[in-house]
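J.: Pasting in a structure now, in structure tokens, and then I'll have a few things to ask.
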Amino acid sequence: MKKLRLPAIQIKENFLNHLIQGVIVFASVFLAFWLTEVRENSKSEKEVEIALKSIALELSYNHDRIVHTFNYYYKISQQIDSIANHNPDTFQSLYGFQLEGWQGTQLPMLRSTAYKTTTNSGLVSKLNFETQKSLADIYSVQKLIEDADNSIIELTINDLELARLRKVRHLSS
19 MKKLRLPAIQ IKENFLNHLI QGVIVFASVF LAFWLTEVRE NSKSEKEVEI
69 ALKSIALELS YNHDRIVHTF NYYYKISQQI DSIANHNPDT FQSLYGFQLE
119 GWQGTQLPML RSTAYKTTTN SGLVSKLNFE TQKSLADIYS VQKLIEDADN
169 SIIELTINDL ELARLRKVRH LSS
């Protein structure tokens, strides 16, 4: 009888052994998938953080450029208006380089590479809706400024009278 029971015990032990090994393999695979997902989420969060920092730096730079350009043209337009009001006869014959602080035609030349890179890489989809909307609004307005820059560049490329005060005044308004 002992010979008959031994195979039954061995079958039970083999089944239990295989069951335990199967559970261990399943748990190991599940743990590996979970760790991979955690690692990818962590990497993705770091990439989003880096992208947002880059966009913030880009927007700060663009803001500084817009403020600088606005202040420059504001001072120039004040001088031109003063000359036009006080010396209307000489206004038509003066050039911009005769103005105090004249540095030529200046355009903001804004940057948008950080935002475009974030959009192209798909990281923008990981941002919350409000952040996505705010960035899209900001860069839509910036696109208008860039289009204006390009138009001014096209208009002024072959304009030999670009520095005439009446033209400069038109650009700065």
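Counting in the numbering used here, the sequence shown runs from 19 upward without gaps. Every residue, glycine too, gets a C-beta built ideally from N, C-alpha and C.
Does DSSP classify E118 as helix, strand or coil?
T.: coil
J.: Please go through the same chain and pick out, in chain order, the residues whose beta-carbon is closer than 7 Å to the beta-carbon of V142, but skip the five residues on each side of it.
T.: T136 and Q150
J.: Would you check if there are 3 or more beta carbon pairs closer than 8 Å linking the stretch 107–122 to the stretch 82–96?
T.: yes
J.: Between the beta-carbon of F87 and the beta-carbon of L125, is there less than 8 Å?
T.: Strictly speaking, residue 87 in this sequence is Thr, with Phe absent from that position. It is a contact, given that the beta carbons lie within the stated cut-off.
J.: If I measure Cβ to Cβ from S72 and keep anything under 7 Å in the same chain, skipping five residues before and after, which residues do I get?
T.: A132
J.: What do you reckon, are the CB atoms on L128 and I156 nearer than 8 Å?
T.: Going by C-beta atoms, L128 is not nearer than 8 Å to I156.
J.: Do V66 and L153 count as a contact pair if the criterion is CB distance below 8 Å?
T.: no
J.: For the alpha helix (DSSP H) containing Q160, list its first residue and its last residue.
T.: For Q160, the enclosing alpha helix (DSSP H) begins and ends at F147 to T174.
J.: For the alpha helix (DSSP H) that contains S139, what are its first and last residues?
T.: T131 to S139
J.: Would Q39 be called buried (16 or more neighbouring beta carbons within 10 Å of its own) or exposed?
T.: exposed
J.: If you reduce the DSSP assignment to three classes, tell me which class P106 lands in.
T.: helix
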